[in-house]
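There are 2 protein chains.
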Amino acid sequence: MGQASRPARVKREQYPFTITGIHTLRHGTAVGAGSEFGPRAASIEEFLDSARADIAVELTTLNPVDGEPAISHIRAAFARRMHVVTANKGPIAHAYAALRNAAVLAGVHFRFESAVMDGTPVFNIWRHTMPGVRVLGFTGVLNSTSKVVVETMERGGTFEEGLAAARAMGITEADGAFDVEGWDSAAKTAALANVLMDAEVTPQQVSTRGITRMTPERLREMNDQGKTVRLVSRGRRTPGGVSLRVRAEVLPRQDLLACTPGSSNLLLFHTDLMGTFGTVSIEPGVEQTAYGVFSDLVSCLPKM
Amino acid sequence: MGQASRPARVKREQYPFTITGIHTLRHGTAVGAGSEFGPRAASIEEFLDSARADIAVELTTLNPVDGEPAISHIRAAFARRMHVVTANKGPIAHAYAALRNAAVLAGVHFRFESAVMDGTPVFNIWRHTMPGVRVLGFTGVLNSTSKVVVETMERGGTFEEGLAAARAMGITEADGAFDVEGWDSAAKTAALANVLMDAEVTPQQVSTRGITRMTPERLREMNDQGKTVRLVSRGRRTPGGVSLRVRAEVLPRQDLLACTPGSSNLLLFHTDLMGTFGTVSIEPGVEQTAYGVFSDLVSCLPKM
C-alpha cells in the first residue's frame with residue numbers, strides 16, 4: 453500500500469487501534485502487533501483464538517453464489533464474542549437476518565457500511581438519522597463496470613473493450629461477467645432490501661437482467677436520441693412482499709440516474725414521511741472502502 | 453394543515469410529544485395542551501415562561517439581513533434551559549458559533565437539520581456518521597426558485613414568468629428577489645460553512661452573484677450548445693481561511709449539478725479521507741421540512 457498519506461497518519465494517532473493479527477489466503481498469517489507473516493493458520497477458528505481481538509474485520513473476496521466463506525468467518529467471530537466489521541456484501545445479501553440475530557445473541561456489534569457504496573453513508577443514515585421513517589423502496593445505480601462498458605460502446609468501442617477498460621480502472625471483479633450480467637447489482641439490491649426492508653432474500657431472488665444484450669449499434673442509436681442505458685437496481689414494498697429487480701434501463705441523458713460521473717454511484721430512498729432523498733459517491737476507490745471499515749471500527753468502540 | 457396522513461398519525465402515537473404552547477405573529481398565542489389561540493403574549497419571554505416546555509421550536513420567517521428575531525428567540529429559550537430546534541437558516545448563517553456555545557453553557561441541545569435541504573440528512577450525517585473526516589469544501593445546488601426561472605426562460609418565457617411559476621409552486625420566499633439575487637443560497641452557504649468548517653461568517657461575507665443578469669436569449673443560446681445555468685454554492689478551505697461564493701454557473705446539461713429534477717437539491721462534500729460524496733433531496737416540500745424538525749425533536753429526547 454506504500455506510504456500512508458499525511459491525514460491518514462494523523463487519524464491513526466487519533467484512533468489508536470492495534471492490529472492483533474492478519475489471516476490471508478496468499479500471504480499467510482501474522483499474529484501479534486507488528487509481527488511478520490508466517491505460515492497460514494490451519495483454520496479461521498485457530499486464527500481467531502490466537503489473535504484474541506475485540507473486533508474481527510472480514511474482507512474476503514465476494515462469493516456471489518452463497519456468501520461463503522465470509523458467513524462462516526463471521527459466525528466464528530461471533531462465537532468468540534468479537535464484534536464484526538465487514539466490507540463484504542455477500543453475507544449481507546445472503547444471510548443478514550441470521551447474522552444480525554447471532555450478533556444480538558452474542559452481545560456484539562455487526563457493521564458493514566462499505567458493503568454498498570464504499571463507505572458513503574448508506575446503512576449509517578438509517579442507523580442514526582431517520583427516526584420513525586419507513587423505507588418503501590429504493591432506486592440505485594450501483595455498478596460502475598456496466599457503466600464503463602456502455603460508455604465505451606457509445607464511443608464506438610466493443611463490449612470486450614469496455615470490460616478491458618473497466619478492468620484497467622481497477623473497478624471490475626476478477627470475473628467481469630459478474631458485473632455485466634447484473635449479479636454485483638443483485639447482491640447489492642438484496643443487501644439493501646435485507647437491511648432496510650427486512651426482506652430476508654438472497655441475490656437469486658432478485659429478478660436480474662444485465663447489459664450483455666446491448667450492442668454498440670443499439671447504444672449509438674439511443675445516443676442519437678438523447679438516451680443512454682444504466683444498470684438500475686430497484687426495490688419496493690408490494691402487498692405480496694418486497695419486489696426486487698435489476699435491469700438495463702433506457703434513460704434520458706439528463707436523468708439524475710444517468711448523470712453520475714465516471715465510476716460514481718447514486719442511491720435514492722423512497723419513504724413514507726420523508727419523500728425521496730438519497731446519497732451519492734463521486735468516483736469512489738479503495739480508500740473510500742477502507743474509510744467505511746474504519747468508521748465501522750470506530751462505531752464498535754465503547755461510547756465515551 | 454387539514455387531516456394528517458395515516459403514517460403521520462401512526463408516528464404521533466409512537467412519539468407522543470405534547471405541544472404546550474404556540475406563539476405566532478398572525479394567530480395570537482395558545483398556552484396549554486390543546487387550548488385555543490387567544491391574544492398574543494406581550495413578549496417571547498412571557499410566552500416561554502408560561503409554556504414551560506422542554507424544547508422550543510423556532511419557525512419564524514427568515515430575516516436575511518441579520519437573522520433576527522430568531523436569534524433572540526433562541527437565546528431566550530436557552531436562558532430558560534430549553535433545548536432549541538429550528539428550521540430557520542438565519543440564526544445558523546449569522547450566529548452559529550455564539551448560539552452553539554450558549555447551548556453548551558446552558559447544557560441543552562441545539563438542532564437545525566431543516567435549515568438546509570429540508571430534512572434530508574446534512575448536518576446529521578456529520579453529527580453521527582463520519583468519525584475522523586474533515587470537510588475540505590462543498591458544492592451545492594440549493595435554490596429551487598432560480599432553477600424554475602432558468603427553465604422557464606429556456607422554454608421561451610420571461611424572467612418574471614419564471615418567478616411567477618416558482619411562486620405558484622410554493623417554493624419562493626415572499627420576496628422572490630431574495631432567491632434570484634442569490635441571498636437564499638448565500639445564507640445556506642454561510643450556514644454550511646459555519647457548522648461544517650467552523651467558518652464564523654455571515655451571508656454578507658459570501659461572494660454572491662445571482663441569476664438576474666440572465667436573459668431568455670442567452671439561455672436559449674446555451675441550450676442549443678447543450679448547456680444550462682445553475683445557481684451553485686461553493687465553499688473551500690484556503691490558506692487564508694474559508695472561501696465562499698455563490699454564482700450562476702454555466703454547466704453541461706449532463707453535469708450532475710444540472711440534473712436534479714424539478715425543485716430537487718444536491719450537495720456534495722469534499723473531504724480528506726472520504727473523497728467526495730453527497731446527499732440529494734428529490735422535490736422536497738413542507739412535509740420534508742416538518743420531518744427535519746421532528747427528527748430534531750427526537751434527537752433532544754433522553755437516550756433510551
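Just so you know, the sequences run in chain order U and P.
Numbering-wise (our numbering), the first sequence opens with residue 453 and increments by one.
Numbering-wise (our numbering), the second sequence opens with residue 453 and increments by one.
Think of the CB as a built atom: it goes at the ideal place given N, C-alpha and C, for glycine as much as any other residue.
Beta-carbon to beta-carbon, G542(P) and A522(P) are separated by about 5 Å, close enough to satisfy the 8 Å threshold. Pairing T581(P) with G662(P), the inter-Cα distance amounts to about 34 Å.
For Y548(P), no Cβ of chain U is located within less than 8 Å of the residue's own Cβ. The beta-carbon separation of H475(U) and I496(U), rounded to 7 Å, stays under the 8 Å limit for a contact.
The beta carbon of R686(P) does not come within 8 Å of any beta carbon belonging to chain U, so the residue lies off that interface.
In this structure the region 630-647 of chain U touches the region 584-595 of chain U; the number of beta carbon pairs closer than 8 Å is three or more. A contact is defined here as three or more CB-CB pairs under 8 Å, and the region 730-737 of chain P meets this definition with respect to the region 723-739 of chain U. Proximity of chain P to P713(U) at the Cβ level (cut-off 7 Å) is accounted for by L708, in chain order. Only D724, L725, M726, G727, T728, F729, G730, T731, V732, S733, I734, E735, P736, G737, E739, Q740, Y743, F746, S747, V750, S751 from the region 722-754 of chain U bring a Cβ to less than 8 Å from some Cβ of chain P. Taking a C-beta cut-off of 7 Å against chain U, the contacting residues of the region 555-577 of chain P are G571, T572, P573, N576, I577, listed in chain order. Contacts with chain P at 8 Å (Cβ-Cβ) do not include M605(U). For K640(U), the uninterrupted alpha helix (DSSP H) run begins and ends at 635-649, by DSSP.
M726(P) sits away from R689(P), with the two beta carbons spaced by 8 Å or more. In this structure, the straight-line span from the alpha carbon of V653(U) to that of H546(U) is close to 7 Å. Closest option to T472(P), judged by alpha-carbon separation, among E498(P), A493(P), R504(P): R504(P). Flagged as an interface residue toward chain U: H580(P), by a C-beta distance shorter than 8 Å. As the crow flies, the alpha-carbon of N515(U) is around 53 Å from that of A620(P). The three-state secondary structure of F611(U), taken from DSSP, is helix.
The beta carbon of R461(U) does not come within 8 Å of any beta carbon belonging to chain P, so the residue lies off that interface.
In this structure, the alpha-carbon of P754(P) lies about 32 Å from that of D570(U). Less than 8 Å separates the beta-carbon of H535(P) from that of I507(P). In terms of beta-carbon proximity, P583(U) lines the interface with chain P, with at least one pair separated by less than 8 Å.
The DSSP-derived three-state label of L708(P) is helix. Taking the beta carbon of R705(U) as reference, the chain P residues within 7 Å of it are Q706, listed in sequence order.
L720(U) reaches chain P at V732, I734, counting residues in chain order whose Cβ is nearer than 8 Å. Separation of I623(P) and T597(P) (C-alpha to C-alpha, rounded to the nearest whole angstrom) is 6 Å.
CA-to-CA, the gap between F630(U) and D636(U) works out to about 6 Å. Under a 10 Å Cβ-count criterion, L557(U) is classified as exposed, with fewer than 16 other Cβ atoms of the shown protein chains found around its own Cβ. For E510(P), the uninterrupted beta strand (DSSP E) run begins and ends at 507-510, by DSSP.
The continuous beta strand (DSSP E) containing G473(P) extends over residues 473-475. What Q466(P) touches in chain U, judged by beta-carbon distance under 8 Å, is G584, going in chain order.
V568(U) is not a Cβ neighbour of L749(U), given a cutoff of 8 Å.
L615(U) places its beta carbon 8 Å or farther from that of V602(U). L551(P) and F499(P) have their C-alpha atoms roughly 20 Å apart.
Taking a contact as a CB-CB distance under 8 Å, the pair V694(P) and A651(P) counts as one, their CB atoms being some 4 Å apart.
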